[in-house]
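Novice: Going by this note's numbering, the sequence shown opens with residue 1333, and the numbers climb by one from there.
Each residue gets a CB set at the ideal place from its N, CA and C atoms; glycine is no exception.
Predicted, not measured: the structure shown is a model, and the values here were computed from it.
Take a look at the following structure, please.
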Amino acid sequence: MQKIILIIALSSISICFAITGADLSNRIIIDGVSDDFTIDEEILTDSLGNLLESPADSYWGEYNDVKQIKVTWDASYLYLAVDACSWDNNVMLFIDIDDDYGIEDMSEVNAWQRSFKFYNWNPDFLVGTWDTNDIPQFWKVQEGGTMQVEQISTIETSATFNTGNLEGAMETKIPWEILKTNGRSLQHIKLLSVITSGDDYSSGPDCAPDNLGGMANKSGQMVVLDNYAEILIDADEDGNPDMNIEPQMRTTFYKKPPFEAIPLLINNVIFENGKTFAPSIEEEINFELV
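What follows is the structure, encoded as structure tokens:
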């Protein structure tokens, strides 16, 4: 009897885990419900099951909060999900593939203009949706550029964000050939998800993984997005995504959460020799913290 009980217990545990494989299309259904991903595909959870992202750390409360990012892949597609709640606001997922180009300042792009700048990385793709919209938009940055993005409407997406739905999610299924810019091999991806206001030139109260410099309570405040999750896709560099992999085990961060963000406030700046600067003519002050 003890052996039978042990076998049943082990079997029930094993179904909670999965690995990348040749074809996951029968398991991962793009319907805005992310429970077909397993715990080892949650990249904001560690190997012990501890959450690396609080489900209630947003300035705007639990109804505008990113809770989890889920990742897996097969030979043909990259599957992504963002668990979040968005009440009358937007959810975005940034994807960085190519280190040589990408968005630097979201307020300068030709779509989804927001008050975000990027430090340490520059996304090449973005997925965006708004409260009650069930078909998120997928956008690609013009190769080699920083400001021009084009929508690719053929990418399969779905979302279930609906006012107070705390179990909402956004999912997408992206063919590898879309992500491989100029036909080059893809070794790793970087990901970050944010909650934003629906207005142009606005920022937002929460992101995942956590931001080193914190987020904004006031949506008009510029936010520098400086952290990301990085997933190793092709460790042997053979040009193909690795199979039989637990994505969680392949995930690292610029800075691993959780940590306490430390915003920096600078005032009463004194310039040498009475020098001044004029923001009205786009002069800037550059400085470095050592």
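From the DSSP secondary-structure annotation, give me the bridge partner or partners of Arg1582.
Specialist: Its beta-bridge partners do not exist; DSSP assigns none.
Novice: What does the alpha-carbon distance come out to for the pair Asn1618 and Phe1609?
Specialist: So the two alpha carbons sit approximately 11 Å from each other.
Novice: Go through its chain and collect everything with a Cβ distance to Leu1564's Cβ below 6 Å, but skip five positions before and after it.
Specialist: Once the five neighbours on either side are set aside, the close Cβ partners of Leu1564 are His1520, Arg1582.
Novice: From Asn1494 to Ile1487, what distance separates their C-alpha atoms?
Specialist: Each residue's alpha carbon lies about 22 Å from the other.
Novice: First and last residue of the alpha helix (DSSP H) that includes Ile1510?
Specialist: Its alpha helix (DSSP H) spans residues 1508 to 1511.
Novice: Mind the definition here: the stretch 1348 to 1360 touches the stretch 1567 to 1581 only if three or more C-beta pairs lie below 8 Å; say whether that holds.
Specialist: Touching, per the Cβ criterion.
Novice: What number of angstroms, rounded off, separates the C-alpha of Tyr1391 from the C-alpha of Tyr1433?
Specialist: Cα to Cα, the separation comes out at about 31 Å.
Novice: Does the Cβ-Cβ distance between Ser1525 and Val1423 come in under 8 Å?
Specialist: Contact: yes.
Novice: Under the rule that 16 or more other beta-carbon atoms within 10 Å means buried, what is Leu1380, buried or exposed?
Specialist: Answer is exposed; the Cβ neighbour count stays below 16.
Novice: Just mark Glu1373 as buried or exposed, buried being the case when its beta carbon has 16 or more other beta carbons within 10 Å.
Specialist: When all chains shown are included, Glu1373 counts as buried.
Novice: When you compare the stretch 1444 to 1459 with the stretch 1527 to 1546, are there three or more beta-carbon pairs, one atom per stretch, that lie closer than 8 Å?
Specialist: Output reads yes: the stretch 1527 to 1546 touches the stretch 1444 to 1459.
Novice: Quick check: the stretch 1543 to 1550 against the stretch 1462 to 1475, are there 3 or more CB pairs under 8 Å?
Specialist: No, because fewer than three Cβ pairs between the stretch 1543 to 1550 and the stretch 1462 to 1475 fall closer than 8 Å, the two stretches do not touch.
Novice: If we cut at 8 Å on Cβ distances, does Trp1419 have a partner in chain D?
Specialist: Protein chain content of the structure displayed is limited to a single chain, and chain D is not contained in it.
Novice: Just the Cα atoms here: how many angstroms apart are Asp1566 and Asp1397?
Specialist: Rounded to the nearest angstrom, the two C-alpha atoms are 31 Å apart.
Novice: For Asn1422, which of helix, strand or coil comes out of DSSP?
Specialist: Reduced to three states, the DSSP call for Asn1422 is strand.
Novice: Count the other CB atoms, across all protein chains shown, that sit within 10 Å of the CB of Gly1476; report buried if there are 16 or more and exposed otherwise.
Specialist: It counts as exposed.
Novice: Helix, strand or coil for Gly1353? Go by DSSP, reduced to three states.
Specialist: Coil, per DSSP.
Novice: So Val1481 and Asn1442 are supposed to be a Cβ contact under 8 Å. How far apart are they, rounded?
Specialist: Indeed they touch by this definition, with Cβ atoms about 6 Å apart.
Novice: Buried or exposed: Ile1613, going by 16 or more other Cβ atoms within 10 Å of its Cβ?
Specialist: Label assigned to Ile1613: exposed.
Novice: Select from Asp1570, Asn1358, Met1554, Phe1457 the residue whose C-alpha is nearest the C-alpha of Lys1522.
Specialist: That would be Phe1457, whose Cα lies nearest to the Cα of Lys1522.
Novice: Given a threshold of 16 other Cβ atoms within 10 Å of its Cβ, counted over all protein chains shown, does Lys1587 qualify as buried or as exposed?
Specialist: Classification for Lys1587: exposed.
Novice: Report yes or no: do three or more beta-carbon pairs, one from the stretch 1499 to 1508 and one from the stretch 1360 to 1373, lie closer than 8 Å?
Specialist: Touching, yes.
Novice: Can you tell which of Asn1382, Val1556, Asn1543 has the C-alpha that lies nearest to the C-alpha of Ile1435?
Specialist: Among Asn1382, Val1556, Asn1543, the Cα nearest to that of Ile1435 is on Val1556.
Novice: To the nearest angstrom, report how far apart Ile1427 and Arg1359 are at their CA atoms.
Specialist: Cα-Cα distance, rounded: 23 Å.
Novice: Suppose the cutoff is 6 Å on Cβ atoms and the five residues either side in sequence are ignored; what does the same chain contact list for Trp1444 look like?
Specialist: Excluding residues within five positions, the ones whose Cβ falls inside 6 Å are Gly1460.
Novice: Kindly indicate the opening and closing residues of the beta strand (DSSP E) around Trp1471.
Specialist: That run of the beta strand (DSSP E) goes 1469 to 1473.
Novice: Reducing DSSP to helix, strand and coil, say where Asn1452 ends up.
Specialist: Three-state DSSP puts Asn1452 in coil, outside helix and strand.
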